[in-house]
Structures are given as C-alpha cells and as structure tokens.
Amino acid sequence: AGAVSKTCTAPLARLTILFQVQGMHSDVATLSKASIWREASRILCEEGVRAFWKGNLVTIAHRLPYSSISFYAYERYKTVLQSLPGLDRHRDFVAADVCLRLLGGGLAGITAASMTYPLDLVRTRLAAQTNNMYYRGISHALYSICRDEGVRGLYRGMGATLLGVGPSIAISFSVYEKLRSNWQLQRPDDNVALVSLACGSLSGIASSTVTFPLDLVRRRMQLEGAA
Numbered sequence: 001a002g003a004v005s006k007t008c009t010a011p012l013a014r015l016t017i018l019f020q021v022q023g024m025h026s027d028v029a030t031l032s033k034a035s036i037w038r039e040a041s042r043i044l045c046e047e048g049v050r051a052f053w054k055g056n057l058v059t060i061a062h063r064l065p066y067s068s069i070s071f072y073a074y075e076r077y078k079t080v081l082q083s084l085p086g087l088d089r090h091r092d093f094v095a096a097d098v099c100l101r102l103l104g105g106g107l108a109g110i111t112a113a114s115m116t117y118p119l120d121l122v123r124t125r126l127a128a129q130t131n132n133m134y135y136r137g138i139s140h141a142l143y144s145i146c147r148d149e150g151v152r153g154l155y156r157g158m159g160a161t162l163l164g165v166g167p168s169i170a171i172s173f174s175v176y177e178k179l180r181s182n183w184q185l186q187r188p189d190d191n192v193a194l195v196s197l198a199c200g201s202l203s204g205i206a207s208s209t210v211t212f213p214l215d216l217v218r219r220r221m222q223l224e225g226a227a
C-alpha cells in the first residue's frame, strides 16, 4: 500500500523537492517564479513524462523497510513504555496516554530513519537532477557518493532529519490513533476503511505542516557536496 501511494504521489513529491532545493547547484532547476504549473510544464517539455517519477524506485525501496521498521518499532517501544514501573497506575489518564504515543512514535521514527537514511539521501539527489544526469541510478549514486564524499556522505543531513522525523512520526501516530478512537466512539457504525483514510489524511497534514521547515533544511543539507 505504501509503495502504491508513493508511486501515485511521486510527481508532487518531486516538485516539492525541486522547489525546496532550487538554485543550490547548476544541475538543479532554478525556478524564476514559484509556480507548480510552470515547473510541471518545464519537466514535461524538457525531460518527458517519465521524469515526474524520477527517483520513485528508490522511494519505494526506502518506504518498504521504513514502514515495516517504524510500525514494528512503535509497537515494541509502546510495550516497553507501558511496562515501566508506575505507569500502569496512570494508564487511564489521557495525558499519560498521549505522552506514551508521542514518545513511542518518535523513537520508532528515529529508529527507522537511521536504518534507511542512505536511501533517502539518494532519493533526494536523483529527484533533484534535471537535464544533467550525474547519477545514473541507485547503485551508481551510492557508489559515487562513497567515492567522492566517503561513507559519511551517505549520512549528510541526518541530524536535521532526525530532528524532524521524531516529531513527525510522533504527531502522525498520536493524531491518527486519537482521531480514530474518538471517531469510532462517536460513530461506531461508520465504514472502518473510510475512517482510517480520513484519520490518516488529517494526521499526515498535521505532521507535515508542523515539521516542514525541518524538511526543507534536510533536503538542502542532503544536496551539499553533490557533484
């Protein structure tokens, strides 16, 4: 499901990256006027339709392990936190429950991001390329970065990423679970799939809006040192 959703939204994701990193390097698009339609037209005319999905393969390769690790780690962290001495007496309090979800989600996000970060960096560099194709694919990008910048180059900007991914996952998980539980409490007969879709959309909007400045910093740091 994650792979399908990322493929469907890949054109918008690439446009977002291009706007975030505009003007940083000669091989990155310099947008004279901030317009989604103008940049989409440029990509279509100069690079072709397939260019809208540039970097999508590495996005999928990143998303599959990232989602698996984050959801598994979230359940594990939540179990560990719930077993802490003294917490069982406050389990029914709303504040304690929210804090547990925030902390568990944040730790899960940091764990998943740390383990899959090189793929996220490669995705940014592939998506930021326009007409000058320095990186020919995932393996070539990984090899070139290690050769030109060293292994540490694969983790460029990781600090900003971890600062953003913790709050992002924490907000997403906590808002989603709270919205879903309240919705099911108030309207138990509603379709489960529609409830999950609505709650997931709202939680995604909330987390993306709050952490967007850190995401912009992350993308720009990931391009530092790029050929």
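In full-length UniProt numbering, the protein residues as written are 1 to 227. Virtual Cβ for every residue (Gly too), placed ideally from N, Cα, C.
**Prompt:** Can you list the alpha helix (DSSP H) stretches of 4 or more residues lying completely in the UniProt repeat "Solcar" (96-182), in chain order?
**Reply:** 138-149
**Prompt:** Is MET54 helix, strand or coil when you go by DSSP?
**Reply:** If you number the sequence shown from 1, residue 54 lands on position 54. At residue 54 the sequence reads Lys, which differs from the Met that was named. Three-state result, LYS54: coil.
**Asked** How is the alpha helix (DSSP H) around ASP215 delimited, first residue to last?
**Response** If you number the sequence shown from 1, residue 215 lands on position 215. From DSSP, the alpha helix (DSSP H) with ASP215 extends over 192-223.
**Message:** If you reduce the DSSP assignment to three classes, tell me which class SER35 lands in.
**Reply:** Residue numbering aside, residue 35 sits at position 35 when the sequence shown is read from its first letter. SER35: coil per DSSP, three-state reduction.
**Message:** When you compare the CB positions of LEU126 and TYR135, do they come within less than 7 angstroms of one another, or not?
**Reply:** Numbered from its first residue, the sequence shown carries residue 126 at position 126. Numbered from its first residue, the sequence shown carries residue 135 at position 135. Taking 7 angstroms as the Cβ cut-off, LEU126 and TYR135 qualify as a contacting pair.
**Prompt:** alpha helix (DSSP H) containing ARG14: first to last residue?
**Reply:** Counted from its first residue, the sequence shown places residue 14 at position 14. That run of the alpha helix (DSSP H) goes 10-21.
**Asked** Would you report the Cα separation of TYR72 and GLU46, rounded to the nearest angstrom?
**Response** Position 72 of the sequence shown, counting from 1, holds the residue named residue 72. Position 46 of the sequence shown, counting from 1, holds the residue named residue 46. Cα to Cα, TYR72 sits roughly 42 angstroms from GLU46.
**Request:** Would you mind sorting TYR74 into buried or exposed? The rule is 16 or more other CB atoms within 10 Å of its CB.
**Result:** Position 74 of the sequence shown, counted from the first residue, corresponds to residue 74. So TYR74 ends up on the buried side.
**Request:** Helix, strand or coil for LEU81, going by three-state DSSP, please let me know.
**Result:** What you label residue 81 is simply residue 81 of the sequence shown in a count that begins at 1. The answer is helix: DSSP assigns LEU81 an H, G or I state.
**Request:** Look at the alpha carbon of VAL151 and the alpha carbon of LEU142, and state the distance between them as a whole number of angstroms.
**Result:** The residue given as residue 151 occupies position 151 in the sequence shown. The residue given as residue 142 occupies position 142 in the sequence shown. Rounded to the nearest angstrom, the two C-alpha atoms are 9 angstroms apart.
**Prompt:** Where does PRO65 sit, in a helix, a strand or coil, going by DSSP?
**Reply:** The sequence position of residue 65 within the sequence shown is 65, counting from 1. PRO65 falls in the helix class under three-state DSSP.
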